[in-house]
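Q: Residue numbers (our numbering): 1458 to 1536. Please read through the structure below; I'll follow up with questions.
Following this line, the structure appears as structure tokens:
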């Protein structure tokens, strides 16, 4: 359970970080178990994306799948 809480704290921290240095600081929140959990989540996300793209029948479906790529970074603007 501690690993899940650590991952959540890390994700919250990264979502609010404005610079790469701040994102790097967020890594300190991860326990070794949380790092493994985060890596597994990333692998599952990439696998799901690749499965989606491989099953897409049309270019439109492939393009739509790419919009949800886990490899794309979304910038969130904070006020």
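Positions of the beta carbon are idealized from the N, C-alpha and C atoms, including for glycine.
(1) Quick one: using the 10 Å Cβ neighbour count with 16 as the cut-off for buried, is residue 1463 buried or exposed?
(2) Have a look at residue 1521 and residue 1501 and give me their C-alpha separation to the nearest angstrom.
(3) Buried or exposed: residue 1477, going by 16 or more other Cβ atoms within 10 Å of its Cβ?
(4) Mapping DSSP to helix, strand and coil, what is residue 1487?
(5) Does the structure place the region 1507-1514 close enough to the region 1484-1492 that three or more beta carbon pairs sit under 8 angstroms?
(6) Taking only three categories from DSSP, how would you classify residue 1514?
A: On the basis of the data shown:
(1) buried
(2) 19 angstroms
(3) exposed
(4) coil
(5) no
(6) coil
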